[in-house]
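The opening position of the sequence shown corresponds to residue 29 in this note's numbering, with each subsequent residue numbered one higher.
Don't be surprised by glycine CBs; every beta carbon is placed ideally from N, CA and C.
Given the structure is predicted, the values throughout are model-derived calculations rather than measurements.
Structure first, then comments.
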Amino acid sequence: EDIKPVINGAIRSKLVFDALVDAADRVISETDCTPEGVQTISFLNGHKITFYMANRLLRIAEVCKKSNSICRTAHEYSFLWKQNVNKDETAVTITILSPFFPLSSRSEPFIETVYNIIDELNQKQTYSEAGLKFYLTGAELDMYAEMKKTYGMFPLLLGVTACTVFLLLAIFLRSAFVPIRLALTLLIPIVGVFGLSVMVYQKGILNWTGWGSVHSDEDGFYWYVPMMCVIITIGLALDYDVFLIGRVMEHRSAGYDVRAAIVKAVAEVGSTISAAGIIMALAFSGLLLANQTAVDQMGWILSAGVLADTFIVNTFLVPALMSLADGLSWWPTKMPMENLITLDHQEFTGVGSPPENEANNGIDNAISHSPNNNPDLVFEDYRDRDPFSRMLRP
29 EDIKPVINGA IRSKLVFDAL VDAADRVISE TDCTPEGVQT ISFLNGHKIT
79 FYMANRLLRI AEVCKKSNSI CRTAHEYSFL WKQNVNKDET AVTITILSPF
129 FPLSSRSEPF IETVYNIIDE LNQKQTYSEA GLKFYLTGAE LDMYAEMKKT
179 YGMFPLLLGV TACTVFLLLA IFLRSAFVPI RLALTLLIPI VGVFGLSVMV
229 YQKGILNWTG WGSVHSDEDG FYWYVPMMCV IITIGLALDY DVFLIGRVME
279 HRSAGYDVRA AIVKAVAEVG STISAAGIIM ALAFSGLLLA NQTAVDQMGW
329 ILSAGVLADT FIVNTFLVPA LMSLADGLSW WPTKMPMENL ITLDHQEFTG
379 VGSPPENEAN NGIDNAISHS PNNNPDLVFE DYRDRDPFSR MLRP
């Protein structure tokens, strides 16, 4: 908005100075700011300057060429005036210096308090009738407004993303209940990883290591770290989970019961998932070497999230949840329910076939006692005597 002229375009009025003193006094009394932390034409070196004192100092500065204390004070105030009042003398600034790091967690209540002060000052009849209008601006305020807007949209963003992903999974896996299980496998590790991260970066459980990348900070997480890490963690977790669940569904459709399908799937893809998880964790852990708070926090959360999903979720949680309610779990897809291959089958127990090393030892011994150690003369006889070899005959 355009700043309206005050007192017919004149900053040099008693009402303007009274308003400036009123605003500064309230900021000092209602926040942690000190008088030295508020800079405007109604304050000089932490001391209040009245309208009449300001006029006198400005007149002295125009004519005084001496180096005594009065002239120095007048010239200092004249410089302050030029720094805070525009050329047309229709606007004046009040600079507030926060007594803490501007991007810390203390900024939010501080900014809200100053906003409330400004709203109340703008509603004062004396000021509004005179055309006085207060505004609040600054780089930290832009970031604060961005943070508020982002956090306001984040629940919707997360909800739409989750619903879209689960709907696509339900279509691709042809099951209405698998996405519900995936929601549990996502919720539990994410809550656990972020809870552990709070213990590290707010409670300081790893401060004893002396490693700055995992040292606690009273301000907790940088504001955009949780939002970025949640989305990335969900993507990585679903990637590994779908890889395993897809293989379980494949074996279940092929006639294995749910426990046998899970065991077979884990045996087939477990090592691949573990290797991929370790690689991703190592890649993300490189962020911990940045020695920058936000980057370190992202590195810790993503590395811990990948490791938790790889070695806890896909190893224990997903198989356990998949083994429950077998018939209902795949609805509306119909799975075979009769003559199923179970864990008692010889594919899993190994019963019914001799150990490989035992068969190889028999062949080696036969070759060593054959004429001229010729394996071709021995193989036919050995296959006739060995029951396992007879099963392999056409």
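Cβ-Cβ distance between Ala211 and Phe222 below 8 Å: Along the sequence shown, one-based indexing puts residue 211 at 183. Along the sequence shown, one-based indexing puts residue 222 at 194. The beta carbons of Ala211 and Phe222 sit no closer together than 8 Å.
Does DSSP put Gln67 in a helix, in a strand, or in coil? Position 39 of the sequence shown, counted from the first residue, corresponds to residue 67. Correct three-state label for Gln67: strand.
So what's His243 in DSSP terms, helix, strand or just coil? For this step, residue 243 is matched to residue 215 along the sequence shown. His243: coil per DSSP, three-state reduction.
How about the segment 349-367 and the segment 267-284: do they share at least three Cβ pairs that are nearer than 8 Å? With a cut-off of 8 Å, the segment 267-284 and the segment 349-367 count as touching, because enough Cβ pairs lie within range.
Measuring only the C-alpha atoms, how far is Asp46 from Ser95? Along the sequence shown, one-based indexing puts residue 46 at 18. Along the sequence shown, one-based indexing puts residue 95 at 67. For Asp46 and Ser95, the distance between alpha carbons rounds to 31 Å.
Sort Ile260, Ser299, His103 by Cα distance to Phe271 and report the nearest one. By one-based count along the sequence shown, residue 271 stands at place 243. Nearest C-alpha to Phe271: Ser299.
Please confirm if the segment 282-292 is in contact with the segment 343-353, defined as three or more CB-CB distances below 8 Å between the two stretches. These segments touch.
Since Ile88 and Ala102 are thought to touch, with beta carbons under 8 Å apart, how far apart are those beta carbons, to the nearest angstrom? The sequence position of residue 88 within the sequence shown is 60, counting from 1. The sequence position of residue 102 within the sequence shown is 74, counting from 1. In this structure, Ile88 and Ala102 form a Cβ contact; the two beta carbons are roughly 4 Å apart against a cut-off of 8 Å.
Taking the alpha carbon of Leu108 as the reference point, which residue from Leu131, Phe128, Cys92, Ile77 has its own alpha carbon closest? Start at 1 with the first residue of the sequence shown, and residue 108 comes out as number 80. Of the candidates Leu131, Phe128, Cys92, Ile77, the residue whose Cα lies closest to the Cα of Leu108 is Ile77.
Using the C-alpha atoms, what's the distance from Gln374 back to Ala336? Sequence index remark: in the sequence shown, residue 336 carries index 308 (1-based). Sequence index remark: in the sequence shown, residue 374 carries index 346 (1-based). Distance from the CA of Ala336 to the CA of Gln374, rounded to the nearest whole angstrom, comes to 33 Å.
Taking Cβ positions, are Val323 and Leu330 nearer each other than 8 Å? Along the sequence shown, one-based indexing puts residue 323 at 295. Along the sequence shown, one-based indexing puts residue 330 at 302. Against a cut-off of 8 Å, the Cβ pair of Leu330 and Val323 comes out as no contact.
Restricting to runs no shorter than 4 residues, where is the alpha helix (DSSP H) found entirely within the segment 167-244? Runs of the alpha helix (DSSP H) inside the segment 167-244: 167-201, 206-229.
Which residues mark the beginning and the end of the alpha helix (DSSP H) in which Gln374 is found? Residue 374 sits at position 346 when you count from the first residue of the sequence shown. First-last of the alpha helix (DSSP H) with Gln374: 374-377.
Any Cβ of chain B within less than 8 Å of the Cβ of Asn150? Annotation note: the requested chain B is absent from the structure, which comprises a single protein chain.
Just list the alpha helix (DSSP H) runs in the segment 257-321, keeping only unbroken ones of 4 residues or longer that don't cross its boundaries, in chain order. If we require 4 residues or more, the alpha helix (DSSP H) runs fully inside the segment 257-321 come out as 286-313.
Selected residue, minimal CA-CA separation from Leu371, among Leu169, Leu185, Gln230, Asp285: Counted from its first residue, the sequence shown places residue 371 at position 343. The option with the nearest alpha carbon to Leu371 is Asp285.
Euclidean distance between Cα positions of Met308 and Ile259: The residue labelled residue 308 in the question sits at position 280 within the sequence shown. The residue labelled residue 259 in the question sits at position 231 within the sequence shown. One C-alpha to the other measures close to 16 Å.
Please classify Arg100: is it buried, with 16 or more other beta-carbons within 10 angstroms of its beta-carbon, or exposed? Mapped onto the sequence shown, residue 100 falls at position 72. So Arg100 counts as exposed.
Roughly how many angstroms lie between the CA atoms of Val294 and Gly327, to the nearest whole one? What you label residue 294 is simply residue 266 of the sequence shown in a count that begins at 1. What you label residue 327 is simply residue 299 of the sequence shown in a count that begins at 1. Taken atom to atom, the span from the alpha-carbon of Val294 to that of Gly327 is near 28 Å.
Hey, how far is the Cα of Tyr250 from the Cα of Val142? On the sequence shown, residue 250 is found 222 positions in, with the first residue counted as 1. On the sequence shown, residue 142 is found 114 positions in, with the first residue counted as 1. The straight-line gap separating the alpha-carbon atoms of Tyr250 and Val142 is approximately 22 Å.
For Asn83, does the count of other Cβ atoms within 10 angstroms reach 16, so buried, or fall short, so exposed? Taking the first residue of the sequence shown as position 1, residue 83 is located at position 55. In the assembly as shown, Asn83 is an exposed residue. Its beta-carbon has fewer than 16 other beta-carbons within 10 Å.
Among Met181, Val120, Ser244, Asp170, nearest to Val44 - alpha-carbon criterion: Residue 44 sits at position 16 when you count from the first residue of the sequence shown. The residue with the shortest Cα to Cα distance from Val44 is Val120.
Helix, strand or coil, according to DSSP, for Lys76 in the structure here? Stepping through the sequence shown from its first residue, residue 76 is reached at position 48. Here Lys76 sits in strand by DSSP.
State the DSSP-derived secondary structure class of Pro364, mapped to helix, strand or coil. Locating residue 364 in the sequence shown gives position 336, where the first residue counts as 1. When DSSP states are grouped into helix, strand and coil, Pro364 belongs to the coil group.
Report the rounded CA-to-CA distance for Leu149 versus Phe162, giving the unit in angstroms. Locating residue 149 in the sequence shown gives position 121, where the first residue counts as 1. Locating residue 162 in the sequence shown gives position 134, where the first residue counts as 1. Straight-line Cα distance between these residues: approximately 7 Å.
For Ile39, which three-state DSSP category applies? By one-based count along the sequence shown, residue 39 stands at place 11. When secondary structure is reduced to three states using DSSP, Ile39 falls in the coil class, being assigned neither helix nor strand.
Of the choices Ser313, Glu104, Thr213, Lys177, whose alpha-carbon is the least far from that of Thr68? In the sequence shown, counting from the first residue as 1, residue 68 sits at position 40. Ranking Ser313, Glu104, Thr213, Lys177 by Cα distance to Thr68 puts Glu104 first.
Alpha helix (DSSP H) runs wholly inside the segment 333-360, at least 4 long, in chain order: Within the segment 333-360, complete alpha helix (DSSP H) segments of at least 4 residues are found at 346-350, 354-357, given in chain order.
Hey, Val228 and Ser203: beta-carbon distance below 8 Å or not? On the sequence shown, residue 228 is found 200 positions in, with the first residue counted as 1. On the sequence shown, residue 203 is found 175 positions in, with the first residue counted as 1. No, the pair does not count as a contact, with Cβ atoms beyond the cut-off.
With 16 other CB atoms within 10 Å as the buried threshold, where does Cys191 fall? Position 163 of the sequence shown, counting from 1, holds the residue named residue 191. Exposed, because fewer than 16 other Cβ atoms sit within 10 Å of the Cβ of Cys191.
Let me confirm a value: Gln151 is counted as buried when at least 16 other C-beta atoms fall within 10 Å, else exposed. Which label applies? Working through the sequence shown from its first residue, we reach residue 151 at position 123. The residue is exposed, with fewer than 16 neighbouring Cβ atoms inside 10 Å.
How far does the alpha helix (DSSP H) with Ile369 in it extend, from its first residue to its last? Mapped onto the sequence shown, residue 369 falls at position 341. Run containing Ile369: none; DSSP gives neither H nor E here.
Rounded to whole angstroms, what's the CA-CA distance from Ile301 to Asp269? Just pull it up for me. Walking along the sequence shown from the start, residue 301 turns up at place 273. Walking along the sequence shown from the start, residue 269 turns up at place 241. Within the model, the alpha-carbon separation for Ile301 versus Asp269 is close to 9 Å.
Can you tell me whether Pro429 is buried or exposed, with buried defined as 16 or more other CB within 10 angstroms of its CB? Outside the shown range of the chain (29 to 422) lies residue 429, about which nothing can therefore be said.
Beta-carbon separation of Pro130 and Glu168 under 8 Å? Against the sequence shown, residue 130 aligns to sequence position 102. Against the sequence shown, residue 168 aligns to sequence position 140. In this structure, Pro130 lies near Glu168, with their beta-carbon atoms less than 8 Å apart.
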